[in-house]
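Written below as structure tokens is the structure these notes are about.
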Amino acid sequence: MEIFQHILNALQFGSFYALIALGYTLVYGVLRLINFAHGDIFMVGAYIAYFVAVSLLGLGGASLGLHLDPTLALAVTVPVTMILTSLVGVTLERTMYRPLRRKGANRLYVVITALMAGLILENGNLALLGASRKSFPDLVDKVVWNFGSVSMTNLKVIVIVASVAVFLLLQFIVTRTKIGMAMRGISYDKFAIPLMGIPLDSIIVVTFILGSGMAGLAGILFAMSYPILEPYMGALIGWKAFIAAVVGGIGDIRGAIVGGFLLGFIELGVVAVFPSTLRDLFAFSVLLIILWLRPTGIYGVAQTTKI
Amino acid sequence: MQKHFITIGLFVLLALITVLAQAGVLSPYHVSVLMFMGVNIILASSLNLVNGYMGEFSCGHGGFMCVGAYVSAVCSVLMFSKNQILGAPLLPPSLALLGFPLSLLAGSAAAAVAGLVVAVPSFKTRGDYLAIITLAANYIVISAINNMEIIGGPRGFMGMNATEVAMKGLADIPWVLMWVMAGTVFTVWLLRRFVSSTLGKGVPAICQDEIAAEIMSVDTNRMKLIAFMLSSGLAGLAGGLYAQILGYVNPQSFDIMRSTEVMVMVYLGGMGSLSGATLSAILFTVLMEALRFLGVWKWVVIPLLLILLMQFRPEGIMGNKELSDLFPKLRKYYSFK
């Protein structure tokens, strides 16, 4: 029975990786840009959720005189956080990535700019809010269901369902709608697409809105599941989600979700058998072997090179 | 004589630094900043070989530095200090001048072998997938060392000071500073010789077009193997020196943050410019120290400065030019290739 408990935990952790990996993969799929600030956008999302939730519940100093019911507060927090977080993502794109793209800078300079943007978000947060950890208020009453020795909380179910729903939504947008077609078009040929009358910059902004919004959602869910917030929480999980996205085949929505869950399962599987300090060692070794065997990831397609 | 002006000038400068440090004009703080500058120059110029000249995106340089630091630290401790593993030191202190370079060499060799983890997949993988392999390699190294109790695990490893004491016992001069300077000059010299040699021309060829290079009889796999192993070996040298400067190493100081710093130095200086990497390493070290008074805000201001630099000069300080391309008159003053 213990194995079911591990599977459940792995699904939950995999969901976080998958949600963040979706953001990486969306931006990468369109722009061929590794948005290294994405993990920190996730962190910002969690903090925004904290401030929105606290002010709605009327806790602490940030009271607006509101004392909403936690369920209602959650219903307001989710959309507000997603919108504000996507604003952060769009701001990064407008102020940092777009000018560089216009100048035709080498792709790697944009990547370095993204890394620096992530550092600014992390350390700006540390400098503004101090090193003290914030504890996230309870927005949902915890319900625990016990099946034999397997315990299942409603939060875990929400997280897993949310990640699958987001995956289906994004898959629908990318493969079935006009905007999705434009996104795929940009990733296919960035120079021909504007000639077809498609507004390049607006499509890119939409991509950033989608990706950052999902990071915001992941931030809320993470803060609800592990209610301790600190400025560096996004760094490690962001790098890991990026690795998950690449193992799945970066640029492919299915790849992000498969990679995320795979990473969750490997990590939890290692912890179930070995001491937990060996988790990173085994998880990354397995991922390295996967990339050795399939150099473009699980769903990735090799790019053709012209001479 | 004119031909050797810069070479002679460089050695005079280094000798002057040594004398000033010996005389106590330079405070220990200044000396340590100079030493970190040297380490950063080694790191930046060695990563430049892979990220700049070869056009790959390696973001796990800290991992190789870590291998070098630990291997040379363990060698140096085994040879010259009392330790839990072997008990008494293996060699008498009088052999320190021979033993220390050997420990550096061992560290570099181990790091070069660790570079194989990245070099072998690079035969088939390129671009962002290779970037992930380097990233994973960095994590694997850190995590492996965290799990090795015999060398301290996450608590770190120390005891290298005995080597310095042994060297000082032979002659009371700033040995570590001299080794760092020697290592720096050696690295820049070696990389300069390598990329301007007939063999080394294959590295930029891979950057421009791998298939075309293959057709033009460049053995791309061999070139990649050489470039990655040379780069990680030199990172190991930097790690060995770093361990000796601090007298203490712990795995956290070689994590992804360190790799990011080195990447920043490479792209700040300009891809594929050795003098750019050197200049930006110096600039970066000075900036890090000069902005120390800002406290927590330092890590907000430095990235902001770099972002602004990228916006106004997206190709880095030097672009892909060398100093001698910008100032052709300099060529009169040196003769090294």
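As you go down the protein sequences, you meet chains A and B in turn.
To convert a position in the first sequence, counted from 1, into our numbering, add 7.
To convert a position in the second sequence, counted from 1, into our numbering, add 196.
Heads up, the beta-carbon is just placed ideally off N, CA and C, and yes, glycines get one too.
These figures come from a predicted structure and were not determined experimentally.
- Using a CB distance cut-off of 8 Å, A/D47 does not count as an interface residue toward chain B.
- Close to A/T120, with beta-carbon spacing below 7 Å, are these residues of chain B in chain order: I503 and M506.
- Cβ-Cβ distances below 6 Å link B/S427 to S242, L245 and V246 in the same chain, with the five nearest sequence neighbours on each side left out; the list follows chain order.
- The Cβ-Cβ distance between B/M419 and B/V391 does not fall below 8 Å.
- Contact residues of the segment 128–161 of chain A toward chain B are N130, G131, L133 and A134 (C-beta to C-beta distance below 7 Å).
- Counting C-beta pairs with one atom in each stretch, the segment 194–206 of chain A and the segment 51–67 of chain A have fewer than three that are closer than 8 Å, which means they do not touch.
- Inside the segment 245–270 of chain A, DSSP marks no whole alpha helix (DSSP H) run of 4 or more residues.
- Sequence-distant partners of A/I216 (beyond 5 residues in either direction) whose C-beta falls short of 8 Å from its own C-beta, in its chain, are S93, G96 and V97.
- When Cβ-Cβ separations below 8 Å define contact, A/K110 makes contact with chain B.
- B/G435 and B/L504 have their C-alpha atoms spaced approximately 31 Å apart.
- Burial check for A/R109: the Cβ neighbour count within 10 Å stays below 16, so the residue is exposed.
- Neighbourhood of A/L294 in chain B, by CB distance below 7 Å: A332, in chain order.
- Within the model, the alpha-carbon separation for B/I347 versus B/L442 is close to 16 Å.
- Each of B/V376, B/D415, B/M374 and B/D405 was checked against the Cα of B/T394, and the nearest Cα belongs to B/D415.
- For the segment 308–324 of chain B, the residues whose beta carbon sits under 9 Å from a beta carbon of chain A are, in order, V313, V316, P317, K320, T321, R322, G323 and D324.
- In the DSSP assignment, no residue is bridged to B/V267.
- Boundaries of the beta strand (DSSP E) around A/F154: V151 to F154.
- Residue state for B/N516 is assigned as coil, using DSSP reduced to three classes.
- The way I'd put it, the segment 297–309 of chain A does touch the segment 305–322 of chain B; three or more beta-carbon pairs between them come closer than 8 Å.
- With respect to the 8 Å criterion, B/A265 and B/F480 are not classified as neighbours on the basis of their beta carbons.
- By the Cβ-count criterion, A/L81 is buried, with 16 or more other Cβ atoms from all chains shown falling within 10 Å of its own Cβ.
- Around the beta carbon of B/N342, a 10 Å sphere encloses 16 or more other beta carbons of the protein chains shown; the residue is thus reported as buried.
- Out of B/S520, B/L209, B/I498 and B/V458, the CA that lies nearest to the CA of A/I127 is found in B/I498.
- Proximity of chain A to B/T456 at the Cβ level (cut-off 7 Å) is accounted for by L122, in chain order.
- Between A/G262 and A/G307, the C-beta spacing is below 8 Å.
- Secondary structure at A/Y104: helix, using DSSP grouped into helix, strand and coil.
- Going by DSSP, B/M233 is part of the alpha helix (DSSP H) stretching over P224 to L243.
- A/T120 and B/L366 have their alpha carbons spaced roughly 49 Å apart.
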